[in-house]
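For the sequence shown, this note's numbering gives the first residue as 11, with consecutive numbering after it. Inspection log for the structure reproduced underneath, given as structure tokens.
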Amino acid sequence: MALSNEEENYFSTTLILIESQNLIQWKSYIQFLYGKTNHNLYTKLVLG
Numbered sequence: 011m012a013l014s015n016e017e018e019n020y021f022s023t024t025l026i027l028i029e030s031q032n033l034i035q036w037k038s039y040i041q042f043l044y045g046k047t048n049h050n051l052y053t054k055l056v057l058g
């Protein structure tokens, strides 16, 4: 499945934040980017 530029940017930023172990910033970034409309995706990413 090909990713859009927006998705690629999202995953790249997510990996950078995870690697830096800055999880508070990471979670805030996801919440900001996706908001409540994509809460299920946020939950899957955080809870696995």
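We treat Cβ as the ideally placed atom computed from N, Cα and C, and that holds for glycine.
Helix, strand or coil at residue i according to DSSP, with G and I counted as helix
i	result
residue 22	helix
residue 38	helix
Cβ neighbour criterion (16 or more within 10 Å) applied to residue i
i	result
residue 26	exposed
residue 40	buried
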